[in-house]
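Undergrad:
Protein chains: 2
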Amino acid sequence: MSLTPLNNIGEFALLERLAKLINIYNKDKVIKGIGDDAAVIKPDIDLVQVVTTDMLVENIHFDLSWMPLKHLGYKSIVVNVSDVVAMNAIPAHVTVTLAISNRFTLEAIDELYEGIRLACENYKIDIIGGDMVSSNQGLIISITAMGYINKENLVYRNGAKPNDLICVTGDLGTAYAGLLILQREKKTFMANPYYQPDLQNYEYVIEKQIKPEPRIDIINKLRELNILPTAMIDISDGLSSELHHICRQSNTGCRIYEDHIPIDMMVSNIADEFYISPITMALHGGEDYELLFTIPLNQYDLIKNIDDISVIGHITDANEGMYLINNIGEAIELKAQGWDSFKKEE
Amino acid sequence: MSLTPLNNIGEFALLERLAKLINIYNKDKVIKGIGDDAAVIKPDIDLVQVVTTDMLVENIHFDLSWMPLKHLGYKSIVVNVSDVVAMNAIPAHVTVTLAISNRFTLEAIDELYEGIRLACENYKIDIIGGDMVSSNQGLIISITAMGYINKENLVYRNGAKPNDLICVTGDLGTAYAGLLILQREKKTFMANPYYQPDLQNYEYVIEKQIKPEPRIDIINKLRELNILPTAMIDISDGLSSELHHICRQSNTGCRIYEDHIPIDMMVSNIADEFYISPITMALHGGEDYELLFTIPLNQYDLIKNIDDISVIGHITDANEGMYLINNIGEAIELKAQGWDSFKKEE
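Top to bottom, those sequences are chains Z and R. Residue 25 is where the first sequence starts when you use the numbering used here, and the numbers rise one by one after that. Residue 25 is where the second sequence starts when you use the numbering used here, and the numbers rise one by one after that.
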């Protein structure tokens, strides 16, 4: 296979290449996509628009030695869509901006695009614009996502009330367990380039790290059951950090129970291998992109039988603080130690 | 003055610092700004929304050895607003994402923010969201801007018709002349650190390079006079490249006249100093952020007396090609040699 240096192609040709991949799914809303100074959209008059933006930087947010470009493209859409979903909104559009160093070939960028395209196809999202620039070092992906919702159905972080139930989707710590495995395999491979990593036993956690999915299924399910969460956030920096956001903005405290926190058996086993307690991985491991939300206590019967939702505790008054009740009944204060790109590792 | 390393601060504190600077000017449209998973906006039901995004990368798009951070912040808003204006729309919101290496201090980021804030104040734009991440090297600024306009008043690149007049605002090649001066002074300074650059004679061109302004005044003026351009684009990559966009998308040719192209005397003098022809600087120098637009021939009387607009030629049939008529009457084919971040320098 022959590889094509990017400087044989040029910025406009690269943008046109992206434009050609695009299907417009929300034809009623997109008046003009890529190709002019700006895109033009016409939101539905009954809906409000939510807007979010996230940047992924090589060797800070991803490591291309174990992250395939196609998955990276997919994940870069997911992390943005997940924020739209956390407002209870339906994602509709994205703009995609790449800064690319000349160590990347056209074929590599096509791989990345393919992942972006696939995510957009899965979630019926239109790529309405973007920018394509060169970088001196590494790959940077900056995405802005937009979605729509009835104003009455918006869910903020600040609506939790004492006695509300605290719910999470899926299981937690899984993406972090995947990261630990991938980093270990990379280290072994660096020491011995003939080493063939055997990741077969770890598929579940690795997939969660390299190909997470936003929980659009859950917000659809809640809508179907007429459940409107009082507060919601997606879990990108770890359960503890996200609970802090909800409690701080809602001016409440909380109490969650270790034995209610969903942790997959494989994650527990990996935690043991790495001498980390499973609950630490669930509280502080990031990138699960599950949803954390609160509902009024009287909706428990509606939610208790939904697959993939766990009730992990309840909201309290602010002066009762934020606590985890561990398996031997001790109350341990919850600290926000989620991932913060500027803090030094401790 | 004591300087504060960024890792003493943390991502959330940095975002909150940005949030505090923000005035919401379009209160009817912004339901929720920074502080949740996504911002929430409610566009006017009579208007369409335009969306554009641009990324600026250190040492590709700017050089901090001569670009003050405050000006960089200002310019990063301008380049995006200019794209909104080129659709004939009024800018309203931006999201601001920064990737910052740990060589920057908190005080440096505050300088950058101050420029961003000042531009937003000048143009009455709301910062509705953003992201803040670390980078291994250098500073990257990614901005998405949104604006609004009646659908009937949108101006695309593709509406130019044969015989339409081709107009430009301001004068051209100026920002490139400023860049040449700044690069020369840097070179001299690198060779002799005791050298004190004397930029006093070059203020006009340097200001155009480090603090350009989007031509909101012009689109307001055109609206006042009931002139709706048939096509419009902002000049970020040089006149020639932008004319190519308009002619290709409108399926036309064009004919422009060297003696009609507005070039400031200082730019001509700098061109002479650098052994470049002034017309080359005007055709291929980027970053002027002036507007290039076309109007029907019969609107000439309306436009001829507007300060700061020059009629430089007219649109032709596509089969007549794209030509510059030089000062001795020769027709020279127009090539698109604007700035392209991936092409090698020739």
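Idealized CB from N, CA, C, for every residue including glycine.
In terms of alpha-carbon separation, which member of R:Gly262, R:Val64, R:Gly277 and R:Gly171 lies closest to Pro302 (chain R)?
TA: Here the closest residue by C-alpha is R:Gly262.
Undergrad: Less than 7 Å between C-beta atoms, sequence neighbours within five positions excluded: which residues of the same chain meet that for Ile319 (chain R)?
TA: Answer for Ile319 (chain R): Asp188, Leu189, Cys191, Ile251, Pro253, Thr254 and Ile327, listed in chain order.
Undergrad: Would you kindly report the start and end of the unbroken alpha helix (DSSP H) that includes Phe213 (chain Z)?
TA: Phe213 (chain Z) -> alpha helix (DSSP H) spans Thr198 to Ala215.
Undergrad: Around the Cβ of Glu369 (chain R), are there at least 16 other Cβ atoms within 10 angstroms (buried) or fewer (exposed)?
TA: Unreliable positioning characterises Glu369 (chain R) in this predicted model, as indicated by a pLDDT of 39, which lies under 50. The coordinate reading is nonetheless provided below. By the neighbour-count rule (16 or more Cβ atoms within 10 Å), Glu369 (chain R) is not buried but exposed.
Undergrad: On a CA-only basis, which of R:Gly345, R:Ile242, R:Gln273 and R:Leu321 is nearest Tyr313 (chain R)? Give me that one, please.
TA: It is R:Ile242 whose Cα lies nearest to the Cα of Tyr313 (chain R).
Undergrad: Using a C-beta to C-beta distance shorter than 7 Å, which residues of chain Z count as neighbours of Pro67 (chain R)?
TA: Going along chain Z in sequence order, the residues near Pro67 (chain R) (Cβ under 7 Å) are Pro67 and Gln73.
Undergrad: Please go through the same chain and pick out, in chain order, the residues whose beta-carbon is closer than 7 Å to the beta-carbon of Ser130 (chain R), but skip the five residues on each side of it.
TA: Just to set this straight, residue 130 (chain R) is Leu in the shown sequence, not Ser. Taken in chain order, the residues that qualify are Thr28, Leu30 and Ile33.
Undergrad: Near Val103 (chain Z), which residues of its chain fall below 6 Å by C-beta distance, leaving aside the five closest residues on each side in sequence?
TA: Taken in chain order, the residues that qualify are Asp78.
Undergrad: Using a Cβ-Cβ cutoff of less than 7 Å, which residues in the same chain neighbour Gly197 (chain Z) once the five nearest sequence positions on both sides are dropped?
TA: Within the same chain, Gly197 (chain Z) has close Cβ partners Ile287, Val291, Pro302, Met305, Ala306 and Gly309.
Undergrad: Which one of Z:Glu311, Z:Val54, Z:Glu237 and Z:Gln207 has the shortest CA to CA distance from Phe298 (chain Z)?
TA: Among Z:Glu311, Z:Val54, Z:Glu237 and Z:Gln207, the Cα nearest to that of Phe298 (chain Z) belongs to Z:Gln207.
Undergrad: Leaving out the 5 sequence neighbours to the left and right, which residues in its chain are closer than 6 Å to Leu39 (chain Z) when beta-carbon positions are compared?
TA: Excluding sequence neighbours, Leu39 (chain Z) sits near Met156.
Undergrad: Would DSSP call Leu189 (chain Z) helix, strand or coil?
TA: In the structure shown, Leu189 (chain Z) sits in a strand (DSSP, three-state: E or B).
Undergrad: Mind checking if Gly183 (chain R) is an interface residue toward chain Z, Cβ cutoff 8 Å exclusive?
TA: Cβ-Cβ to chain Z under 8 Å: no for Gly183 (chain R).
Undergrad: Is the Cβ-Cβ distance between Leu203 (chain R) and Ile165 (chain R) less than 8 Å?
TA: No, the Cβ-Cβ distance between Leu203 (chain R) and Ile165 (chain R) is not below 8 Å.
Undergrad: Determine the DSSP secondary structure at Lys367 (chain Z), reduced to helix, strand or coil.
TA: Reliability of the predicted coordinates at Lys367 (chain Z) is poor, the pLDDT of 49 falling under 50, and the value obtained from them is presented with this limitation in mind. Note: Lys367 (chain Z) maps to coil in three-state DSSP.
Undergrad: Between the alpha carbons of Ile149 (chain Z) and Asn50 (chain Z), how many angstroms are there, rounded?
TA: Approximately 8 Å, taken between the alpha carbons.
Undergrad: Given this structure, state the Cα-to-Cα distance separating Asn83 (chain R) from His85 (chain Z), to the nearest angstrom.
TA: The straight-line gap from Cα to Cα measures roughly 22 Å.
Undergrad: Please go through the same chain and pick out, in chain order, the residues whose beta-carbon is closer than 6 Å to the beta-carbon of Thr168 (chain Z), but skip the five residues on each side of it.
TA: These residues qualify, in order along the chain: Thr77 and Thr119.
Undergrad: If we count Cβ pairs, one from each stretch, closer than 8 Å, do we get three or more for the region 209-216 of chain Z versus the region 130-143 of chain Z?
TA: Not touching, per the Cβ criterion.
Undergrad: Give a yes or no on whether the minimum CB-CB distance between Lys367 (chain Z) and chain R is below 8 Å.
TA: Because Lys367 (chain Z) carries a pLDDT of 49, less than 50, the predicted location of this residue cannot be relied on, and the following value inherits that uncertainty. Taking Cβ atoms only, chain R reaches closer than 8 Å to Lys367 (chain Z), which makes this a yes.
Undergrad: Could you please tell me which residues of the region 118-142 of chain R, in chain order, have their CB closer than 7 Å to any CB of chain Z?
TA: From the region 118-142 of chain R, only Thr119, Thr121 and Ala123 have a Cβ closer than 7 Å to chain Z.
Undergrad: According to DSSP, which residues form a beta bridge with Tyr172 (chain Z)?
TA: Its beta-bridge partners are Z:Gln73 and Z:Ile114.
Undergrad: Taking the alpha helix (DSSP H) that Arg181 (chain R) belongs to, which residues open and close that run?
TA: No alpha helix (DSSP H) holds Arg181 (chain R); DSSP gives it neither H nor E.
Undergrad: Step through the CB atoms of chain Z and report whether any lies within less than 8 Å of the CB of Tyr110 (chain R).
TA: The sequence given here has Ala at residue 110 (chain R), not Tyr. Yes, Ala110 (chain R) lies at the interface with chain Z (some Cβ there is under 8 Å from its Cβ).
Undergrad: For the region 75-90 of chain Z, which residues have a beta carbon sitting closer than 9 Å to at least one beta carbon of chain R?
TA: Answer in chain order: Val75, Thr76, Thr77, Asp78, Met79, Leu80, Val81, Glu82, Asn83, Ile84 and His85.
Undergrad: Any chance the region 99-117 of chain Z sits against the region 166-186 of chain Z, with 3 or more Cβ pairs inside 8 Å?
TA: Yes: at least three Cβ pairs fall under 8 Å.
Undergrad: When you compare only the Cα positions, how much space is there between Ala355 (chain R) and His284 (chain R)?
TA: So the two alpha carbons sit approximately 14 Å from each other.
Undergrad: Determine, for Ile242 (chain Z), whether the minimum Cβ-Cβ distance to residues of chain R falls below 8 Å.
TA: No, because no Cβ of chain R sits closer than 8 Å to the Cβ of Ile242 (chain Z).
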